[in-house]
Amino acid sequence: AAKANGRSGYAIFKDDMEALIVERRALERDLRSALDQPGQFEVHYQPLFEAKGRTLVGVESLLRWNHPTRGRVGPDAFIPLAEESGLIEALGEFVLRQACSTAKEWPIRTLAVNVSAAELKSPAYAMRVANILMSTGFSPGRLELEVTETAMSDTDGHCQANIAALREMGVHFALDDFGTGFSSLGRLQQLDVDRIKIDRSFIHGFGTDNGDEAIVRAIIHLAKATGLKTTAEGVETEEQSRILGKIGCDELQGFLLGKPCEAAALEERFFGADRTPTSAKVGGMPT
Ligand code: C2E
Ligand code: MG
Ligand code: MG
Ligand code: MG
Numbered sequence: 457a458a459k460a461n462g463r464s465g466y467a468i469f470k471d472d473m474e475a476l477i478v479e480r481r482a483l484e485r486d487l488r489s490a491l492d493q494p495g496q497f498e499v500h501y502q503p504l505f506e507a508k509g510r511t512l513v514g515v516e517s518l519l520r521w522n523h524p525t526r527g528r529v530g531p532d533a534f535i536p537l538a539e540e541s542g543l544i545e546a547l548g549e550f551v552l553r554q555a556c557s558t559a560k561e562w563p564i565r566t567l568a569v570n571v572s573a574a575e576l577k578s579p580a581y582a583m584r585v586a587n588i589l590m591s592t593g594f595s596p597g598r599l600e601l602e603v604t605e606t607a608m609s610d611t612d613g614h615c616q617a618n619i620a621a622l623r624e625m626g627v628h629f630a631l632d633d634f635g636t637g638f639s640s641l642g643r644l645q646q647l648d649v650d651r652i653k654i655d656r657s658f659i660h661g662f663g664t665d666n667g668d669e670a671i672v673r674a675i676i677h678l679a680k681a682t683g684l685k686t687t688a689e690g691v692e693t694e695e696q697s698r699i700l701g702k703i704g705c706d707e708l709q710g711f712l713l714g715k716p717c718e719a720a721a722l723e724e725r726f727f728g729a730d731r732t733p734t735s736a737k738v739g740g741m742p743t
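Okay, here's the thing in structure tokens:
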């Protein structure tokens, strides 16, 4: 097609790049204005279960953006943009405040909230979290911040100081998407976290690929030896759940046991009128 139009491959590449940049600018502008009318953002919650007995023990907050014309935009599409444009701090604050006030009365041990490296680098981050905990009345010991290996290993910026200050307050930390970063298993002991969340790419091949099972078994074994809790992400089948239980994974998260959903749907399904958590009933998940 390039030759037919009499244009070089480079010209087409350049047009594509320009279109991409224009597109990104538009989305960034929309993101900025959406922050002034936060009705466009919605926090969803995905249940977290103890592997033994399948008891609901926590929830992970996951941000959703209902764009006025594009419909729902997933976080993988707009979080990176928010990070690059400096909007992540306002967005992160919105999610944390919203999640803390919503989950405050829920009969769960843990509220997990995702945090970007860009937020953790900011000098005032720990103070902002402290303020939100104070004003919502959410207990620091029930909050678990999910960070990536990159953020954890960041030596410049204020990441380490923020983590230390938050840990001092009793806030917990989990390493998200474990196995996709650059850390070796040997580095696990040096990381200042309470839990690792094993990336769903390792769970996916369970029952079909022995290699993944061996890797996950090794991760769990080492985590236990180091005193870390483990959560498996992306559990979609009974077979995966069975194997994870057998090899000693502490907690499970995935579509099998519950998809992310609105606060009201989660309350209705799991807490009932008396707000007592019930065990997962597979098949009855809200959509
Ligand atoms: P994450 O923290 O690893 O969250 C888990 C992601 O896996 C979620 O995608 C969830 O919907 C999806 N998931 C859960 N169970 C299953 C399963 O069984 N199968 C499959 N295929 N997927 C499953 P989601 O909601 O699209 O979020 C994507 C990522 O965006 C999150 O990954 C997190 O890194 C980021 N994110 C979401 N909300 C926030 C936020 O408030 N702040 C920040 N900084 N990042 C966020
Ligand atoms: Mg997460
Ligand atoms: Mg993850
Ligand atoms: Mg992720």
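According to full-length UniProt numbering, the sequence shown is numbered sequentially starting from 457. Don't be surprised by glycine CBs; every beta carbon is placed ideally from N, CA and C.
Near ligand 5: residue i beta-carbon under 6 Å from a heavy atom
| i | result |
| --- | --- |
| Asn570 | Summarising the ligand content, the structure contains ligand 1, ligand 2, ligand 3 and ligand 4 and does not contain ligand 5. |
Residue j beta carbon less than 7 Å from that of residue i
| i | j | result |
| --- | --- | --- |
| Ile671 | Ile703 | no |
| Leu601 | Phe634 | no |
| Arg656 | Glu694 | no |
| Met608 | Leu552 | no |
| Cys705 | Thr682 | no |
| Leu567 | Ala559 | yes |
| Gly714 | Glu692 | no |
| Ser517 | Val571 | no |
| Val499 | Gln554 | yes |
| Gly626 | Gly593 | no |
| Ile654 | Gln696 | no |
| Leu484 | Ser541 | Residue 484 is actually Glu in this sequence, not Leu. Yes. |
| Pro531 | Leu547 | no |
Distance cut-off 6 Å: residue i Cβ against heavy atoms of ligand 2
| i | result |
| --- | --- |
| Glu539 | no |
| Glu600 | no |
CA-to-CA distance, residue j to residue i, given in whole angstroms
| i | j | result |
| --- | --- | --- |
| Phe726 | Gly661 | 29 Å |
| Cys717 | Pro503 | 9 Å |
| Asp612 | Pro536 | 20 Å |
| Val515 | Ala467 | 48 Å |
| Gly739 | Gly663 | For Gly739, the predicted model reports a pLDDT of 45, less than 50, meaning its position is unreliable; a value from the coordinates is still stated below. Rounded to whole angstroms, Gly739 to Gly663 spans 21 Å at the Cα level. |
| Tyr581 | Ser464 | 49 Å |
| Gly728 | Arg528 | 28 Å |
| Val478 | Asn618 | 36 Å |
| Glu486 | Arg526 | What sits at residue 486 in the sequence shown is Asp, not Glu. Asp486 and Arg526: Cα-Cα distance of roughly 11 Å. |
| Glu470 | Ala482 | Here the sequence assigns Lys to residue 470, which means Glu is not the residue at that position. Looking at the two C-alpha atoms, the distance is approximately 18 Å. |
| Leu712 | Arg698 | 12 Å |
| Glu605 | Gly642 | 13 Å |
| Val585 | Cys615 | 13 Å |
| Leu631 | Leu700 | 18 Å |
| Pro563 | Val649 | 24 Å |
| residue 440 | Leu512 | Outside the displayed span of the chain (457 to 743) sits residue 440, for which this structure offers no information. |
| Lys508 | Asp492 | 44 Å |
| Gly462 | Asp472 | 16 Å |
| Arg510 | Arg565 | 14 Å |
| residue 753 | Trp521 | Any property of residue 753 remains undetermined from this structure, which presents the chain solely from 457 to 743. |
| Glu724 | Arg480 | 38 Å |
| Glu707 | Asp668 | 18 Å |
| Asn587 | Leu622 | 12 Å |
Close beta carbons around residue i, own chain, < 7 Å, minus the five adjacent residues each side
| i | result |
| --- | --- |
| Glu545 | Glu575, Ser578 |
| Ala457 | At Ala457 the pLDDT is 48, less than 50, meaning the model places this residue with poor confidence and gives no usable figure here. |
| Ser557 | Thr592 |
| Gly637 | Thr604, Glu605, Thr606 |
| Leu543 | Leu487, Arg488, Leu491 |
| Ala719 | Tyr501, Thr558 |
| Glu539 | Ser572, Ala574 |
beta-carbon residue i near ligand 1 non-hydrogen atom, thresh 6 Å
| i | result |
| --- | --- |
| Pro716 | yes |
| Ile477 | no |
| Gly710 | yes |
| Leu518 | yes |
| Val551 | yes |
| Ile535 | yes |
| Glu692 | yes |
| Pro531 | yes |
Residues near residue i by beta carbon distance below 6 Å, same chain, minus five either side
| i | result |
| --- | --- |
| His523 | Val529 |
| Leu589 | Pro596 |
| Arg673 | Ile703 |
| Leu599 | Leu567, Val627 |
Sequence-distant residues of the same chain with beta carbon closer than 8 Å to residue i, five excluded per side
| i | result |
| --- | --- |
| Leu644 | Ile652, Leu678, Ala679, Thr682, Leu684 |
| Asp610 | Ala573, Leu576, Lys577, Gln616 |
Collect the residues with a C-beta less than 6 Å away from any heavy atom of ligand 3 and give them in sequence order along the chain.
Of all residues, those with a beta-carbon under 6 Å from at least one heavy atom of ligand 3 are Asp632, Asp633, Lys653, Glu689, reported in chain order.
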